[in-house]
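See below for the structure under consideration.
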Ligand code: DSN
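Residue numbers (our numbering): 1 to 415.
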């Protein structure tokens with residue numbers, strides 16, 4: 001993957017871009033929200049559409065010269081409708097957070113009530129965290145996972161909703177390894193006359209491929225990221241019914257954003273086309289099988305997994321029992337030195353700081369893209385255990401680094 005045009009102008013940035021490609025090639029990307037987009041998606045995102053302003057929507061723009069922007073956006077919308085079976089799709093949100101912002105802006109007034117999952121239990125900043133605009137503009141209360149099982153406490157959610165009477169309930173999570181029962185949450189929302197926003201940012205690809213149940217047609221609004229498990233162009237998406245279509249479109253533009261990032265919309269169109277191919281279903285199923293194998297391997301090494309395992313693309317290990325003297329941050333740093341890149345993460349019942357929490361979150365979307373299978377992921381579990389068992393042992397780290405290089409060479413990337 002060359003960056004010759006960049007190099008002619010700016011060798012320093014070209015060096016950094018090439019080093020980043022090398023970093024991705026030679027280490028294991030296990031941040032659960034990351035993936036490796038195809039060269040086609042990357043080319044579309046690096047295209048001349050970056051130059052184009054196209055405020056408005058296809059056929060109704062505020063600027064001239066939008067015929068190709070229209071074509072690309074219509075393709076992205078049509079393909080997303082086909083992938084998800086959605087009545088109305090907006091592909092302009094710059095990211096998943098902006099997709100959520102559009103729903104709140106369209107449907108809520110400042111001071112209205114949001115009921116969402118606590119961040120330490122797997123929720124997301126944009127679901128009402130005090131540091132986010134949602135926590136400052138709206139009244140937020142949070143539900144939790146069952147402390148015994150690590151699964152969503154659906155009964156607790158129903159009781160909480162009956163007491164709090166939220167205007168909107170947010171489901172869909174960032175660090176929750178289990179299947180989400182959308183209908184159960186919809187029933188709670190119906191019982192308290194609340195709207196329901198399902199944020200499938202992490203599992204967009206699993207939902208598109210049918211390996212996780214879909215909230216489309218269940219929840220009032222479904223938002224997502226378009227670059228995580230679905231591996232298309234970087235950004236966000238909102239799906240809803242015709243009933244809310246105009247409200248959502250106005251909330252995205254002009255409500256919350258200016259000109260759409262048309263190069264990213266092109267990346268979304270290309271990635272959605274790839275996701276419509278039968279191979280994508282195999283990819284999504286393999287991603288889940290790989291996460292299960294990784295989880296089994298970590299459990300065999302004595303790690304305590306939140307909820308005991310996984311149904312999706314990620315595992316969340318709580319280190320407090322198995323490695324009481326090692327924080328998530330210590331583990332993240334040692335693993336990165338060994339070439340395994342994942343993130344420290346808060347866990348239910350968190351007792352450390354959010355800046356150095358007690359868990360590590362590991363995902364398989366990117367490994368699966370480069371060809372890893374269950375055996376490889378069991379090996380990766382062995383390697384993670386070796387490092388976290390001895391995070392300060394430089395010889396272990398060096399040995400694991402060699403093993404990581406071998407796995408990377410066997411599963412090449414961006415050749
Ligand atoms: N940064 C994403 C994640 O890692 O889950 C969420 O936005």
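Glycine residues also receive a C-beta, built at the ideal position from the N, C-alpha and C atoms.
From residue i to residue j, what does the alpha carbon distance come to, in whole angstroms?
i, j, result
"residue 319", "residue 392", "16 Å"
"residue 406", "residue 218", "45 Å"
"residue 260", "residue 398", "45 Å"
"residue 372", "residue 300", "20 Å"
"residue 228", "residue 199", "13 Å"
"residue 188", "residue 123", "18 Å"
"residue 28", "residue 162", "45 Å"
"residue 254", "residue 5", "35 Å"
"residue 351", "residue 302", "20 Å"
"residue 185", "residue 215", "10 Å"
"residue 415", "residue 37", "13 Å"
"residue 125", "residue 353", "16 Å"
"residue 357", "residue 327", "6 Å"
"residue 206", "residue 14", "34 Å"
"residue 73", "residue 386", "47 Å"
"residue 145", "residue 152", "4 Å"
"residue 413", "residue 323", "33 Å"
"residue 166", "residue 310", "30 Å"
"residue 338", "residue 402", "8 Å"
"residue 281", "residue 130", "38 Å"
"residue 172", "residue 325", "32 Å"
"residue 223", "residue 40", "24 Å"
"residue 66", "residue 52", "8 Å"
"residue 56", "residue 50", "16 Å"
"residue 1", "residue 85", "35 Å"
"residue 17", "residue 336", "19 Å"
Which same chain residues end up closer than 6 Å to residue i when comparing Cβ atoms and leaving out the 5 residues on each side of it in sequence?
i, result
"residue 140", "114, 128"
"residue 331", "360, 388"
"residue 408", "26"
"residue 118", "142, 144"
"residue 61", "54"
"residue 211", "284, 285, 288"
Given residue i, which residues of its chain have a CB within under 8 Å of its CB, disregarding the five upstream and five downstream residues?
i, result
"residue 248", "88, 90, 102, 103, 106, 221, 238, 240"
"residue 380", "28, 30, 294, 297, 340, 367, 372, 407"
"residue 138", "104, 108, 110, 111, 112, 113, 114, 128"
"residue 47", "263, 266"
"residue 374", "289, 290, 292, 293"
For the beta strand (DSSP E) that contains residue i, what are its first and last residues?
i, result
"residue 359", "359-363"
"residue 142", "139-143"
"residue 420", "Past the boundaries of the shown model lies residue 420; the chain is included only from 1 to 415, so the question cannot be answered."
"residue 197", "195-199"
"residue 89", "88-90"
"residue 259", "Premise fails: residue 259 is in no beta strand (DSSP E) and is neither H nor E."
Between residue i and the rest of its own chain, which residues show a CB-CB distance below 7 Å, the 5 nearest in sequence each way excluded?
i, result
"residue 94", "235, 236, 257, 261"
"residue 79", "269, 272, 273, 276"
"residue 132", "125, 126"
"residue 77", "89, 91"
"residue 97", "126"
"residue 134", "104, 114, 126, 127, 128, 140"
"residue 147", "348, 349"
Report whether the distance from the Cβ of residue i to the nearest heavy atom of the ligand FAD is below 7 Å.
i, result
"residue 355", "This structure simply doesn't include the ligand FAD; it includes the ligand DSN instead."
What does residue i pair with, by DSSP beta-bridge criteria?
i, result
"residue 318", "304, 359"
"residue 30", "Per DSSP, none; premise fails for residue 30."
"residue 60", "57"
"residue 1", "Answer is none; residue 1 lacks a bridge partner."
"residue 217", "Beta-bridge pairing links residue 217 to no other residue."
"residue 343", "361"
"residue 6", "DSSP output for residue 6 lists no bridge partner at all."
"residue 238", "90, 223"
Could you check where the alpha helix (DSSP H) with residue i kicks off and where it finishes?
i, result
"residue 100", "96-107"
"residue 250", "242-250"
"residue 395", "394-410"
"residue 84", "67-84"
"residue 188", "182-191"
"residue 170", "It is not in any alpha helix (DSSP H) - residue 170 instead sits in the beta strand (DSSP E) that spans 168-171."
"residue 338", "No alpha helix (DSSP H) contains residue 338, which DSSP labels as neither H nor E."
"residue 204", "204-208"
"residue 384", "374-389"
May I have all residues whose beta carbon comes closer than 5 Å to any heavy atom of the ligand DSN, sorted in chain order? 33, 174
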